[in-house]
Structure formats: structure tokens, C-alpha cells
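Quick note on my numbering: the sequence shown kicks off at 1 and runs consecutively.
I have placed the structure first, in the form of C-alpha cells, so that the comments after it can refer back to it.
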Amino acid sequence: MQKTEWHAKTVHETARQLKTSLETGLTSENARQRLEVGRNVVAEGERPKPLSILASQFTDTMVLVLLAATLLSALLGDLIDALTILTIVIINGILGFIQEYRAERSLEEIKKLSSPYAVVVRDGKRKRIPAEEVVKGDIVEIEAGDRVPADMRLGQAASLEIEESCLTGESLPVPKTTEVLTEPGIPLGDRYNMAYMGTVVTRGRGRGIVVATGAETAMGEIAQMIKEPTDQTTPLQHRLNNLGRILIVICLGACLAVMLMGLARGENLMRMIMAGISLAVAAIPEGLPAIVTVVLALGVQRMARRRAIVRKLPAVETLGCTTVICSDKTGTLTKNEMTVRVLATIDNEALITGEGYAPEGEFIVDGRRESLKDPGLQMAVEIAYHCNHAEIVKENGRWMVQGDPTEGALRVMGKKAGLTRPLPVMREVPFDPERKMMSVVVRSGKGYRLLCKGALDILLNNCSQIKTARGVQPMSPGHRARFLERQEAWALQAYRVLALAYRDISETELRTLTDEKLESHMCLVGICGIVDPPRPAARSAVADCERAGIVPIMITGDHPATALAVARQIGISDSREAIGPDEIDRLSLKELAERALKVRVFARVSPQHKLKIVKALRSRNHVVAMTGDGINDAPALKEADIGVAMGIAGTEVTKEAADMVLADDDFSTIVAAVHEGRAIYDNIRKFIRYLLGGNIGEILTMLLASLFGMPLPLLPLQILWINLVTDGLPAMALGMEPPEPGIMERKPRPAGESIFSRGLGWNLVGRGIYIGVSTLAVMTIGMTYSGFQGHVDLELARTMAFTNLVFAQLFYVFDCRSERFSPFELGFTSNPFLVLAVCCSVIMHLAAIYYAPFNPIFGTKPLEGWAWLVIITVTGGGMLVRWFLFRIRKTIIRPSQYGKLEDIGTSISSV
1 MQKTEWHAKT VHETARQLKT SLETGLTSEN ARQRLEVGRN VVAEGERPKP
51 LSILASQFTD TMVLVLLAAT LLSALLGDLI DALTILTIVI INGILGFIQE
101 YRAERSLEEI KKLSSPYAVV VRDGKRKRIP AEEVVKGDIV EIEAGDRVPA
151 DMRLGQAASL EIEESCLTGE SLPVPKTTEV LTEPGIPLGD RYNMAYMGTV
201 VTRGRGRGIV VATGAETAMG EIAQMIKEPT DQTTPLQHRL NNLGRILIVI
251 CLGACLAVML MGLARGENLM RMIMAGISLA VAAIPEGLPA IVTVVLALGV
301 QRMARRRAIV RKLPAVETLG CTTVICSDKT GTLTKNEMTV RVLATIDNEA
351 LITGEGYAPE GEFIVDGRRE SLKDPGLQMA VEIAYHCNHA EIVKENGRWM
401 VQGDPTEGAL RVMGKKAGLT RPLPVMREVP FDPERKMMSV VVRSGKGYRL
451 LCKGALDILL NNCSQIKTAR GVQPMSPGHR ARFLERQEAW ALQAYRVLAL
501 AYRDISETEL RTLTDEKLES HMCLVGICGI VDPPRPAARS AVADCERAGI
551 VPIMITGDHP ATALAVARQI GISDSREAIG PDEIDRLSLK ELAERALKVR
601 VFARVSPQHK LKIVKALRSR NHVVAMTGDG INDAPALKEA DIGVAMGIAG
651 TEVTKEAADM VLADDDFSTI VAAVHEGRAI YDNIRKFIRY LLGGNIGEIL
701 TMLLASLFGM PLPLLPLQIL WINLVTDGLP AMALGMEPPE PGIMERKPRP
751 AGESIFSRGL GWNLVGRGIY IGVSTLAVMT IGMTYSGFQG HVDLELARTM
801 AFTNLVFAQL FYVFDCRSER FSPFELGFTS NPFLVLAVCC SVIMHLAAIY
851 YAPFNPIFGT KPLEGWAWLV IITVTGGGML VRWFLFRIRK TIIRPSQYGK
901 LEDIGTSISS V
């Protein structure tokens, strides 16, 4: 089927063929019908299906060996043992499936949360929708920083440039036009009236008709170029995977030693083979990767509920190490609900009433409420209103801005002055972070007029004239000084200041002048002061950072006085100085890092300066989180340890470069994400502490019994049962532990810290020794007591050892809930899932002892009161002693840099 050459058609022909309207776009119903044909996505690597996840639980090497041994056992006539082992293997497999399936589903949900968006026109209204819902015939608007959501025939292009290297290999941005290209065989890279899916808008604005989506796009044909890597394994997961391989070797060696020593003592060959295999299955932490993934995924979902969307899992681990947060001011530390409060010309000044984006308010000139009569003030309002792309709409009874909040505030000011309809734009020079200004050309009488808004210091350099009450006059040094003084005074009140200028031009100048020439020799009309109040939670979030040992740094393009005023309001700094671009350029990385940590406020900063700030801080071994919203912020976000993009104000390219996206653009959300990151890392440590401590206890029980010539303390089925009862539900519930009290009062943990640091390694080894020795002690007591009754009851002794091992681990799981607080301090109801899981495990184990049909299967017998007294004394008493020593340690040992306790008490913590 021959493809339509859309570049050779006019925009109107394209619209007719795709049955859409250039003005109002598709109807919602039409778009819904077209979406049924297929979503706007390219082919991706397939996610594992539930059946394949389930099958993978039974293809593990050790499980296959166990199944082979089970089959051998059945062939030798021991059907009951074979069926029981098979049942336990199936239950374990189902638990493993649940863990991995939850992790997979969670990761899929995370991916959906961070999917890109597109702005379309439907039913005559601009709408922001997920990019995958864009359909053929949609009218799509794009601007600098956007990733083009689908293949488009452009109908409007205002200084539009698109970087198409992912398709053509050409790294330079391509200027775009709307003209028809009729030459035959035009290569893709020369189709200047087309915009292609996956390419990046680097400059300007555009509007076009979607002509292809999904697999039909040019990008869809080379989908392998944009497939995302499926591996999102964190450094911690890599280390744990390596640890798992080491533990497998150690466990297999220990199991082989147990088996050989048992055979040397004359134990039954088949029983020892089964015991060795069962111990290997129970002791090898095969559930470690799945549980860690579940903990990470659950934590990421909690972050999403708190409006922090993690795009890359490694960021979760890094969040807990964050030592510096570099945040934009506008919209992140402030509400981004701009209101123009004051407007001034060289001769006059007006105060403006009203709040937010509601177009309701008055102009107060010389203390009188009046409609604008001053020609200079009136012209300034008109420039602000027409040099603008924002729209003010009322949604659910609330006035909202569609577009840039600053432009929204200027539009509202115009509406308060009675302006209603924007003038048609004949040419545009889009805003650029480097130029710090924007211009449009509109018709004016028989000619044209350029309207410009931007930073005062920039426009002063581009203006040669000034509008006064006596007419247009040459710009003098006195005029400049008066405007700069007024800017300083406004900045002390935390106002953002924008300058407004114009220039009359001819049709020839409109066609021939470059953007740079067009914006020269302008006439300055006035300035306006825009207030953006701090977010309500900003001050408390900054205080949380201070308590957590994190340095908050404000970075803004605004005037230094404005930045300092806001910094004082929210508690970032009480300094009287801000670091500017000249100082950043002059300082070395070392000097810049020292100044940044001391002053904490940067003003008039460009994206390139952000990059140097990040490099400087990282050169001093700081873990840096950096926020950004513009396309030019992407390099700084990539350089930072955690790049944080704005979900509302951020461009799609910035979001893709980021590790995390703030759905609400709120600084406090970053702090909340750090809180969750610390909690996630804590929970992973808790799980590892519990799982490995218990596994060491099981191995030592078997190994020490063999070394001391004792009878086999646990039968193969008992070992597998312990693995099921203790490593299943309790371990999963431990991963759902809520954050500990005071988690944000610790200093950040060092980056690259071993998971076994701060005494965790000694703790789990010590606990494993205690479990192993106490189990053998209980078994010895059982053998001795029964010996006094006339004969040694090995079945009783094994049941006691079996029960002790289970209860020792179930007591231990409560101890693993915190390294800083005892279970009594945390309370047993703060994690109801854990209490429920332990209760289920206890009931299951009691069934193995007291349900008569299970006794011959597991080799158990009902325990009498004295036996329970011994077991509870050994397991519970040991825990009580440890908790008592914990209290002593907490009272005596000095505070630690990692929290409330110095970990020189690891010998106590390993009791």
C-alpha cells in the first residue's frame, strides 16, 4: 500500500482528507472512535505474562532438584513424604508468583504514571491528554521542550525548530515551515513542513494535523531505536544479586557437609540426601530479589500517591542519600499562582487589586480606583496582553490558566482593564531562557508593531527610546537608573519584575529583519511587578530538610533581591547576598561548592550555570537533587544524582531526562520523596536482616548438630515447612512496615554504603548463632527430659527443636522492625499486616503439631506444657533480654551521625 505524501499536500487538503477541522479539531466522540483502531504507541518488549511468571517459580535449579528427589522418594514407595514435599513446593511457588506478579504490576503502573502528554484541540478547546491517546486528525500544539507525539503536517510554525537526530542522524535543529513541498522523492530530513514522532522541539511554537500514529509513524518503522531498556535494576539489587550467588555457594557447601557428616554417622542415605536438598532450598535466599523488588515497587506507589512519580528505580535508593536539594523558586517553592500587583511607567504607577487568575480587580492610581486613562499604563497593559499565549478558563467554578503562569497573570491584568480579544500574531520570536524575552508582531494601523516583554536588564540594552507623558524620547542614563531603582524596591517585596516595550516596523522590515535586529532599538513603555506567594508547605519542608541534614539551595532566574526576599520568607537563608552568574563563571568548582553551601541562594542563573552548580557540589561528594522545567535544564538534571522535573510546568524532554517527576511541582513533595526513600531502604535492610538471620540459624542448627554428633535435629519436611511458615507471609509483611518515627531527623546515609553497615552484618550473624544454639539446646533438653522418663524420645526432641526454630524466627521478625526502637516502643498495631502474618504462621505450625493426620507426615507429636515453657522461655526470654539491653544501649550510647544511636553497641544488638 502506497503511503500518502502529506508534505506534498496543503494543510486544508490534509484536513479534508482526514476529516478534521483546523479550527475546532475533532469531536470527542470522533476521537474516541478513532482510538479504537489502536493507541499511539510503538512496539515494546513484551512484559512477562502471569503464566510465565508462575512457571518460572518451578524452573529454579534447586526446586528442580527437590522435585527430582521427590519423584525418587515416590518411586521408593514413600508417597506421603513425596506428596507433602510437592504440596509445600507448590505453595512456595504460589507465594513467589504473588510476589513477582505484584512487582511486575507495580512497575507497569509506575511506567503509566510517567507517560508523556500532548496538547490537542478537540471540540474547539485545548486539552492536555496522554500522548498515547492522540489519533489521526487531531490538531496538536507543540512548543520548545516538547517531544512531538505523532507524525504531523504543520499548519502553523512560529520560529519553529525541531531536532531530528533520532530519525536522520542530523544533530542540528531543523527550521520548520508550512509551505507545500511538491518535489518528488524528498528525503525525510528535508520535509520541512512535517514534524515526526519522537523528535524534540528546540525552539518556537507550532500547530499541525496528526497524519500517522503508533506503528505507522516514521519512528514506528524503526521502533528499535527508541525501545526503553527493560533493566531497571538498582545498584542495591545488583549487589544483592551478587550476594545471593555467594550465599548459594556457602549454603551448598554447608548442606553438603551436613549430608556427608550424617552419612558418616550411619544416617539413612535417602533421608540425608533429602535433608541436604531441603536445607539448601530453605537456606538459599531465593526470595530476596522478588521481595526487594516488591518493597521498591510498593514504595514507589506510595511516592506516587504523594505526587512524586519515580521514572527510574535506582532513584529510590539514591533518595535516602540526598545531601543537597537544588530547587527552582518559581512554582516549586512558590505557588506559581501569579498576580500582577503593580504597573509603572516612567511617569505613573498603578496598584492592581484581585487575587489569583480571577479576572476581577481594579487599578488604583494616586489612591483613586479608576479605569486606565494614562496612555502609558494603557499601552503597557496592551503589550502584556497581546504578547502572550496563555488562556484563562473557568473549570469547576475556579479560574485556571492554560499555559505559562506568568503569561496568565499578564492576561488577567488585561482582562481587568477590559481587553477581551488577542490580536492576530503575524510573526513571533519565542521566549528563550538565554535571551530572557519574547516578542510578537501584530498589525497596527497601516503598518506593524512589535510587542516585547522580558527581563528589565535585558530590555534596557535593547531599547533606545522611552515612552513618557510628553511622547517618545531618547533613553537617558537617568531613565535607566529610575527603572532599576524601582525594580530593586519591588524585588525587596518579592515581586518578579517584567519590562514591556514596543517598536513600529514596516512590512519590509517584518519580512527581512532577523530576530535579533527586530528586537533592537525598541521603546520601553513600563514595568510590572508580579507576586508569587510561597507555597504553604514550603517553610515546614525547608525545616524538615535542615533536621534531616539536607541543605536546601534556591536557584532562580529572578532578580537577586526577589530571590533573597523569598529565601528569607521560607527559611532557606537569612543571607544578604545571592550568587549571580558572573560569580559562578569566576569561581572554581571547589570554591563554588563552598559558596553554594554557605549562601544557598542563586539569582539570574541560566541552565548552563545550573550544570556547573551540580558539578561543583558533586565534586565535593554531595548527593544532589536538582529540579528543572525547561528543555535547557535537561543536562543539569542528567548530571545530578537525582534529576527532578516539574510535572505541570516541565517540558516533556525535561521529564524524560529526569529520575523523578513532581506531579504538583511542589518542593515539599521532594522532601516527602526523600522521606519515602529512606523508609524503603530501611525496609530492605529489615527484610534482609530477618531473612538472612533466620537462614543462618537454620544452617547452623544442622551443621552444629552434625559437628557434635547429635541426631538429625530436623527432618527434610520440617525444614521445608519452616521455610514456608517463616519466610513467606511474615517476610512480605515486614516489607510493608511504615516509616519509623524520626526518620527525617537522621543525617543522610553515605552513598555506596554497604547494606550490612552499621552493625547489620554482625547483628544477623549473632542472631543466627543464637537461633542455632538455642534450637540445639532445646532439643538436648527434650532428649534429656525424655531420657529421665525411661527412653530418649527423638520425635519429641525434634518437635521441640522444630517449634523453637519457628518461634525464634517469628519473635525475631518483630525485632527486625527497627534498629532504633523496640517493638514495645513502635507498638504492635502500627503494622497490622505483620501481626496477621505471624498469627497465620503460628496457626499453620500448631496444625503441624496438633492435627493428628500431620504428625506422621512431619514426624511431630503434640507438645505438653513443660515443653512449651522451655520453648517460650528460650525464644521469648532471649528477646526480652535483648530488648532490655537495647534500652540500656539507648540510654548510654551517644547519638550517632546516622540517627539516635552510635552503632558501637553491635555486640549487644547481636544478642
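Glycine is no exception: its CB is placed at the ideal position from the N, C-alpha and C atoms.
Within 10 angstroms of the Cβ of residue i, are there 16 or more other Cβ atoms? Answer buried if so, exposed if not.
i	result
Thr-199	buried
Asp-727	buried
Trp-490	buried
Ala-852	exposed
Lys-227	Confidence at Lys-227 is low in this model, with a pLDDT of 46, below 50, so the placement of that residue is unreliable and no value is reported for it.
Thr-230	With a pLDDT of only 45 at Thr-230, under 50, the local geometry of the prediction cannot be trusted, and the value read off the model is given with reservation. It is exposed - the Cβ of Thr-230 has fewer than 16 other Cβ atoms within 10 Å.
His-791	exposed
Asn-918	The requested residue 918 does not occur in the structure, where the chain is confined to residues 1 to 911.
Val-249	exposed
Leu-188	exposed
Lys-467	buried
Asp-532	buried
Gln-224	Since pLDDT at Gln-224 reaches only 44, below the 50 mark, its modelled position is unreliable, and no value is offered.
Val-661	buried
Arg-341	buried
Trp-721	buried
Cys-839	exposed
His-389	buried
Checking 8 angstroms against the spacing of the C-beta atoms, do residue i and residue j come in under that value?
i	j	result
His-958	Ala-501	Any question about residue 958 goes unanswered here, given that the chain covers just 1 to 911.
Tyr-117	Ile-98	no
Ile-913	Arg-486	Outside the shown range of the chain (1 to 911) lies residue 913, about which nothing can therefore be said.
Ala-672	Ala-658	no
Val-542	Ile-570	yes
Ile-530	Ala-499	no
Gly-447	Ile-505	yes
Lys-612	Leu-592	yes
Thr-654	Gly-630	yes
Thr-339	Ala-625	no
Cys-816	Lys-638	no
Val-135	Ala-8	no
Leu-450	Ala-561	no
Met-259	Gly-276	yes
Thr-202	Ala-144	yes
Glu-333	Val-566	Looking at the sequence shown, residue 333 is not Glu but Leu. Result yes, Cβ atoms of Leu-333 and Val-566 sit closer than 8 angstroms.
Ala-847	Thr-860	no
Between which two residues does the alpha helix (DSSP H) harbouring residue i extend?
i	result
Gly-787	760-788
Pro-856	854-858
Val-148	Careful: Val-148 lies outside any alpha helix (DSSP H) and carries neither H nor E.
Leu-805	794-815
Phe-824	823-826
Given residue i, which residues of its chain have a CB within under 8 angstroms of its CB, disregarding the five upstream and five downstream residues?
i	result
Arg-126	Val-119, Val-120, Glu-141, Glu-391 and Gln-402
Using C-beta distances below 6 angstroms, list every residue in its chain close to residue i, excluding the 5 sequence neighbours before and after it, in chain order.
i	result
Val-211	Trp-6, Asp-151 and Arg-153
His-845	Val-725 and Val-806
Gly-677	Val-316, Leu-319 and Gly-320
If you follow the beta strand (DSSP E) that residue i is part of, which residue opens it and which one closes it?
i	result
Ile-53	No beta strand (DSSP E) contains Ile-53, which is instead part of the alpha helix (DSSP H) from 50-56.
Leu-154	151-163
Thr-202	200-212
Tyr-851	Here Tyr-851 belongs to no beta strand (DSSP E), and DSSP marks it neither H nor E.
Leu-451	447-454
Arg-128	125-130
Cys-463	463-468
Go through its chain and collect everything with a Cβ distance to residue i's Cβ below 7 angstroms, but skip five positions before and after it.
i	result
Arg-421	none
Ile-680	Val-295, Leu-296, Gly-299 and Val-316
Asp-582	none
message: At 4 residues or longer, what runs of the alpha helix (DSSP H) sit wholly inside the region 699-747?
response: 716-727 and 729-734
- request: Scan the region 332-419 and note each continuous alpha helix (DSSP H) run of 4 residues or more that stays entirely inside, going in chain order.
  value: 375-386 and 405-416
message: Threshold first: 4 residues or longer. Then list the alpha helix (DSSP H) segments lying entirely within the region 570-638, N to C.
response: 581-586, 589-599 and 607-619
Beta strand (DSSP E) segments (min. 3 residues) lying fully within the region 477-525: 495-505
field: Any beta strand (DSSP E) of 3 or more consecutive residues that is wholly inside the region 642-690
entry: 642-646 and 660-662
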